[in-house]
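Peer 1: There's a structure below that I have some questions on.
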Amino acid sequence: MRPKGSAVLVGQVQGGPLTREEFAQQFQVSFRRLWLVAVGIVSDSATAEDVVQEAGLIALEKLEQFERGTNFCAWLGQMVRFVALNQARKAWRHRGAGPNDDLDVPDSSVDPRASETLPLSAKGEMEPQQEHFDDQVMAALAQVAPIARACLLLRTIEDLSYAEISAILGVPEGTAMSHVHRTRQWLRERLVGVHGHRAAQEPA
Amino acid sequence: MNPQRPRESLDAYLDGLMDPGERAEFKTSAQSDSNLASDLRLQTQVDDALRRLFPAPAGDAVVARVLSAGRPPTPARRSGAPRIFRLVGLAVAASVVISVGYFAYETYVAPTPVDMYAPRSIEAVYRDDVRAGFKPLWVCKDDREFANTFRERLGEPLLLGQLPPALAMSGLSYANSITPQTVYMLATADGKPVIVFVDRVDAPSPQLAERCRLRLFSRRIGELALYELTPLEAPRFLDHFFQPPKEGPP
Chain H
12 MRPKGSAVLV
22 GQVQGGPLTR
32 EEFAQQFQVS
42 FRRLWLVAVG
52 IVSDSATAED
62 VVQEAGLIAL
72 EKLEQFERGT
82 NFCAWLGQMV
92 RFVALNQARK
102 AWRHRGAGPN
112 DDLDVPDSSV
122 DPRASETLPL
132 SAKGEMEPQQ
142 EHFDDQVMAA
152 LAQVAPIARA
162 CLLLRTIEDL
172 SYAEISAILG
182 VPEGTAMSHV
192 HRTRQWLRER
202 LVGVHGHRAA
212 QEPA
Chain P
2 MNPQRPRESL
12 DAYLDGLMDP
22 GERAEFKTSA
32 QSDSNLASDL
42 RLQTQVDDAL
52 RRLFPAPAGD
62 AVVARVLSAG
72 RPPTPARRSG
82 APRIFRLVGL
92 AVAASVVISV
102 GYFAYETYVA
112 PTPVDMYAPR
122 SIEAVYRDDV
132 RAGFKPLWVC
142 KDDREFANTF
152 RERLGEPLLL
162 GQLPPALAMS
172 GLSYANSITP
182 QTVYMLATAD
192 GKPVIVFVDR
202 VDAPSPQLAE
212 RCRLRLFSRR
222 IGELALYELT
232 PLEAPRFLDH
242 FFQPPKEGPP
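Have a look at this one:
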């Protein structure tokens with residue numbers, strides 16, 4: 012499960028800004044990662060797609076600012092981040108809620124079933140309720156801060172290294188690693204339950 | 002593998018940071034340590050759920066929409082008259098424009114929106130924001146949003162305590178200033194504009210130009226470095242910042 016290298020094209024070292032065709036090619040290659048950044052922040056797939064599109068429009072207008080040979084995904088990633096965070100703040104204000112940073116008070120928009128413990132068999136295996144488990148994961152993930160969530164998705168789904176995550180999200184590499192490790196632990200604790208139940212309790 | 006800290010070993014294993022020997026040792030430990038085995042199993046299922054929940058779209062349609070809606074970028078070169086004639090013409094025009102246009106611009110023309118992605122010194126950020134009406138990018142709804150802004154951007158939360166009557170906080174903005182991650186707070190002290198820039202302590206310290214009339218004061222809180230840029234003789238905001246206790250989800 013080693014982090015794979017970057018698949019983002021960085022373009023040939025030539026003079027002048029990227030052409031529209033080069034921009035489209037780089038945008039296409041980077042799209043998955045940018046979408047994961049957006050969905051990590053706004054928590055909604057359709058909105059994430061709109062965010063990436065808006066960021067793409069901004070990037071196209073600022074194409075002369077992109078320096079050939081540098082990280083296109085990181086460059087566009089900062090615009091995705093900016094647009095996504097603005098979108099998320101609008102949604103929070105509309106709901107009358109805010110981004111969660113306290114364990115004590117869950118987000119009022121989160122599915123209340125998130126507080127339920129996950130049923131585990133005596134052997135410590137998950138019950139065959141994959142859809143219910145996915146809902147639990149989603150509900151727990153909704154309580155995590157947006158950038159931490161984005162770090163986790165980029166690491167888990169896209170298998171990016173912490174250096175790559177750092178470049179795209181504009182956070183220090185150590186911070187990205189800390190976000191992923193803490194979020195993993197926090198999700199496990201939420202999904203096992205609040206009573207400290209351990210799955211693999213060997214039967215007597 | 003560190004037997005004293007199995008959770009760190011679990012993360013190292015999941016991140017592919019172990020050599021083959023360490024991986025084998027970890028797997029052996031997981032067979033005898035029921036808690037570690039349970040965590041590994043649960044984490045694997047969480048990771049699988051995340052992959053199911055977030056299947057990234059191909060993006061072709063989005064790329065196509067961006068290209069069809071966006072304007073072509075400004076061409077790097079212009080065609081037309083020979084370059085020497087263009088330069089002479091520009092010089093003549095500039096001598097007239099500079100003397101008249103500068104006065105008109107400073108007095109009557111609204112400031113051009115600032116490109117927040119372009120690198121700017123902290124002095125330039127201060128000057129640009131004052132000219133633009135000293136308006137923040139956004140106003141946080143409450144302390145949680147304020148703290149989370151810094152946590153997301155710089156890795157650590159930050160809060161501002163109750164301010165005395167002479168001080169007022171306007172809001173927050175981003176700037177590619179000390180680093181591309183810099184967050185800054187717009188505020189007023191005795192009615193005068195003050196900006197507090199915040200970045201990581203490992204970022205280079207900003208410096209002011211010799212002729213700058215502003216003053217720069219700094220303070221470190223945790224892993225964050227705060228810089229108060231002010232026309233006043235002393236900092237008025239730095240002592241009011243603090244970090245909340247470390248609790249809650251990431």
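Protein chains in written order, with our numbering: chain H, 12 to 215; chain P, 2 to 251. Backbone N, C-alpha and C fix where the C-beta goes; we use that ideal spot for every residue, glycine too.
Quick test of your reading: residue 177 of chain P and residue 156 of chain H, contact by CB under 8 angstroms. State the CB separation rounded to the nearest angstrom.
Peer 2: Sequence index remark: in the second sequence, residue 177 of chain P carries index 176 (1-based). Sequence index remark: in the first sequence, residue 156 of chain H carries index 145 (1-based). Between residue 156 of chain H and residue 177 of chain P the Cβ distance is about 23 angstroms, and since that is not below 8 angstroms, they are no contact.
Peer 1: Give, in chain order, every residue of the stretch 36-52 of chain P whose Cβ lies closer than 8 angstroms to some Cβ of chain H.
Peer 2: For the stretch 36-52 of chain P, which is checked against every Cβ of chain H, the residues closer than 8 angstroms are 36, 38, 39, 40, 42, 43, 44, 46, 47, 48, 50, 51, 52.
Peer 1: How many angstroms separate the CA atom of residue 239 of chain P from the CA atom of residue 188 of chain P?
Peer 2: On the second sequence, position 238 is the one that residue 239 of chain P refers to. On the second sequence, position 187 is the one that residue 188 of chain P refers to. Roughly 12 angstroms separates the two Cα atoms.
Peer 1: With DSSP as the reference, identify every bridge partner of residue 161 of chain P, one or two as the case may be.
Peer 2: Your numbering for residue 161 of chain P matches position 160 in the second sequence. According to DSSP, which records beta bridges pairwise, residue 161 of chain P is partnered with P/242.
Peer 1: When the Cα atoms are used, what is the spatial distance from residue 234 of chain P to residue 212 of chain P?
Peer 2: Sequence index remark: in the second sequence, residue 234 of chain P carries index 233 (1-based). Sequence index remark: in the second sequence, residue 212 of chain P carries index 211 (1-based). Rounded to the nearest angstrom, the two C-alpha atoms are 16 angstroms apart.
Peer 1: Could you confirm whether any beta carbon from chain H is found closer than 8 angstroms to the beta carbon of residue 57 of chain P?
Peer 2: Your numbering for residue 57 of chain P matches position 56 in the second sequence. Yes, contact with chain H.
Peer 1: Using only the alpha-carbon positions, how far apart do residue 199 of chain H and residue 152 of chain H sit?
Peer 2: By one-based count along the first sequence, residue 199 of chain H stands at place 188. By one-based count along the first sequence, residue 152 of chain H stands at place 141. Cα to Cα, the separation comes out at about 11 angstroms.
Peer 1: Determine the burial state of residue 10 of chain P: buried for a count of at least 16 other Cβ atoms within 10 Å of its Cβ, exposed for fewer.
Peer 2: Looking up residue 10 of chain P in the second sequence gives position 9. So residue 10 of chain P ends up on the buried side.
Peer 1: Using DSSP bridges, identify the partner residues of residue 189 of chain P.
Peer 2: Here residue 189 of chain P corresponds to residue number 188 of the second sequence, with the count starting at 1. Partner(s): P/169, P/194.
Peer 1: For the alpha helix (DSSP H) that contains residue 189 of chain H, what are its first and last residues?
Peer 2: Position 178 of the first sequence, counting from 1, holds the residue named residue 189 of chain H. Segment 184-203, the alpha helix (DSSP H) holding residue 189 of chain H.
Peer 1: Can you round the beta-carbon distance between residue 51 of chain P and residue 157 of chain P to whole angstroms, since I take them to be within the 8 angstroms contact cut?
Peer 2: One-based indexing of the second sequence puts residue 51 of chain P at position 50. One-based indexing of the second sequence puts residue 157 of chain P at position 156. Not really, about 26 angstroms apart at Cβ, beyond 8 angstroms.
Peer 1: Could you tell me which chain P residues have their CB closer than 7 angstroms to the CB of residue 158 of chain H, listed as they occur along the chain?
Peer 2: As a position in the first sequence, residue 158 of chain H is number 147, starting the count at 1. The answer, in chain order, is 153.
Peer 1: Are residue 67 of chain H and residue 38 of chain H touching if we call contact CB-CB under 8 angstroms?
Peer 2: In the first sequence, counting from the first residue as 1, residue 67 of chain H sits at position 56. In the first sequence, counting from the first residue as 1, residue 38 of chain H sits at position 27. Yes, the pair counts as a contact, with Cβ atoms nearer than the cut-off.
Peer 1: Which two residues bound the contiguous beta strand (DSSP E) that contains residue 219 of chain P?
Peer 2: As a first step, residue 219 of chain P must be located in the second sequence, where it is residue number 218. From DSSP, the beta strand (DSSP E) with residue 219 of chain P extends over 216-222.
Peer 1: Quick check: is the beta carbon of residue 168 of chain H nearer than 8 angstroms to any beta carbon in chain P?
Peer 2: Numbered from 1 along the first sequence, position 157 holds the residue referred to as residue 168 of chain H. True, the Cβ-Cβ gap to chain P drops below 8 angstroms.
Peer 1: Taking its Cβ as the centre, do 16 or more other Cβ atoms sit within 10 Å of residue 246 of chain P, making it buried, or is it exposed?
Peer 2: Along the second sequence, read from residue 1 onward, the residue named residue 246 of chain P stands at position 245. The residue is exposed, with fewer than 16 neighbouring Cβ atoms inside 10 Å.
Peer 1: Put residue 231 of chain P into one of helix, strand or coil per three-state DSSP.
Peer 2: Here residue 231 of chain P corresponds to residue number 230 of the second sequence, with the count starting at 1. The answer is strand: DSSP assigns residue 231 of chain P an E or B state.
Peer 1: Look at the alpha carbon of residue 18 of chain P and the alpha carbon of residue 162 of chain H, and state the distance between them as a whole number of angstroms.
Peer 2: Residue 18 of chain P sits at position 17 when you count from the first residue of the second sequence. Residue 162 of chain H sits at position 151 when you count from the first residue of the first sequence. Those two C-alpha atoms are separated by around 17 angstroms.
Peer 1: Classify residue 231 of chain P as buried or exposed, calling it buried when 16 or more other Cβ atoms lie within 10 Å of its own Cβ.
Peer 2: The residue given as residue 231 of chain P occupies position 230 in the second sequence. Buried, by the Cβ-count rule.
Peer 1: Can you tell which of P/216, P/244, P/135, P/68 has its C-alpha closest to the C-alpha of residue 161 of chain P?
Peer 2: For the purposes of this step, residue 161 of chain P is taken as residue 160 along the second sequence, with counting starting at 1. Minimum Cα distance to residue 161 of chain P is reached at P/244.
Peer 1: If we count the other Cβ atoms within 10 Å of its Cβ and call it buried at 16 or more, is residue 39 of chain P buried or exposed?
Peer 2: For this step, residue 39 of chain P is matched to residue 38 along the second sequence. Per the 10 Å Cβ criterion, buried.
Peer 1: Going by C-alpha distance, which of H/71, H/60, H/64 is nearest residue 56 of chain P?
Peer 2: The count along the second sequence starts at 1 and reaches residue 56 of chain P at position 55. Residue H/60 is the option with its Cα nearest to residue 56 of chain P.
Peer 1: Tell me the rounded alpha-carbon separation between residue 175 of chain H and residue 153 of chain P.
Peer 2: Here residue 175 of chain H refers to the residue found at position 164 when the first sequence is read from its first residue. Here residue 153 of chain P refers to the residue found at position 152 when the second sequence is read from its first residue. Computed Cα separation, rounded: 17 angstroms.
Peer 1: Check the Cβ of residue 67 of chain H against every Cβ in chain P and list those closer than 8 angstroms, keeping chain order.
Peer 2: For the purposes of this step, residue 67 of chain H is taken as residue 56 along the first sequence, with counting starting at 1. The contacting residues are 63, 64, 67, 71.
Peer 1: Any residues in the stretch 152-180 of chain P with a beta carbon nearer than 9 angstroms to a beta carbon of chain H? Which ones, in chain order?
Peer 2: Listed by position along the chain: 152, 153, 154, 155, 156, 157, 158, 175, 177, 180.
Peer 1: Counting C-beta neighbours from all protein chains within 10 Å, is the total for residue 229 of chain P 16 or more, i.e. buried, or is it exposed?
Peer 2: Position 228 of the second sequence, counted from the first residue, corresponds to residue 229 of chain P. Result: buried.
Peer 1: How far does the alpha helix (DSSP H) with residue 60 of chain P in it reach, from first residue to last?
Peer 2: What you label residue 60 of chain P is simply residue 59 of the second sequence in a count that begins at 1. Segment: none, residue 60 of chain P is in no alpha helix (DSSP H) and carries neither H nor E.
Peer 1: In terms of residue numbering, what span does the alpha helix (DSSP H) encompassing residue 162 of chain H cover?
Peer 2: Working through the first sequence from its first residue, we reach residue 162 of chain H at position 151. First-last of the alpha helix (DSSP H) with residue 162 of chain H: 157-167.
Peer 1: Would you mind working out which of H/165, H/188, H/97 sits nearest residue 42 of chain H, comparing C-alpha positions?
Peer 2: In the first sequence, residue 42 of chain H corresponds to position 31, counting from 1. The residue with the shortest Cα to Cα distance from residue 42 of chain H is H/165.
Peer 1: Below 9 angstroms on C-beta distance, what does residue 60 of chain H contact in chain P?
Peer 2: Taking the first sequence and counting its residues from 1, the one referred to as residue 60 of chain H is at position 49. 58, 60, 62, 63, listed in chain order.
Peer 1: Since residue 159 of chain P and residue 137 of chain P should fall inside the 8 angstroms C-beta cutoff, what is the C-beta to C-beta distance between them, to a whole number of angstroms?
Peer 2: One-based indexing of the second sequence puts residue 159 of chain P at position 158. One-based indexing of the second sequence puts residue 137 of chain P at position 136. About 15 angstroms; that fails the 8 angstroms criterion.
Peer 1: For residue 145 of chain H, tell me which candidate among H/93, H/90, H/202, H/169 has the shortest Cα-Cα distance.
Peer 2: Here residue 145 of chain H refers to the residue found at position 134 of the first sequence. Closest by alpha carbon: H/202.
Peer 1: Between which two residues does the alpha helix (DSSP H) holding residue 21 of chain P run?
Peer 2: Position 20 of the second sequence holds residue 21 of chain P. Unbroken alpha helix (DSSP H) run through residue 21 of chain P: 21-33.
Peer 1: Whose C-alpha, out of H/192, H/193, H/183, is nearest the C-alpha of residue 183 of chain P?
Peer 2: To locate residue 183 of chain P, count along the second sequence from 1; it is residue 182. Out of H/192, H/193, H/183, H/183 has the C-alpha closest to the C-alpha of residue 183 of chain P.
Peer 1: Quick check on this structure: which residue in P/63, P/22, P/48 has the alpha carbon closest to the alpha carbon of residue 65 of chain H?
Peer 2: Here residue 65 of chain H is taken as the residue at index 54 of the first sequence, counted from 1. Closest option to residue 65 of chain H, Cα to Cα, is P/63.
Peer 1: With DSSP collapsed to three states, give me the class of residue 201 of chain P.
Peer 2: For the purposes of this step, residue 201 of chain P is taken as residue 200 along the second sequence, with counting starting at 1. It is a strand residue.
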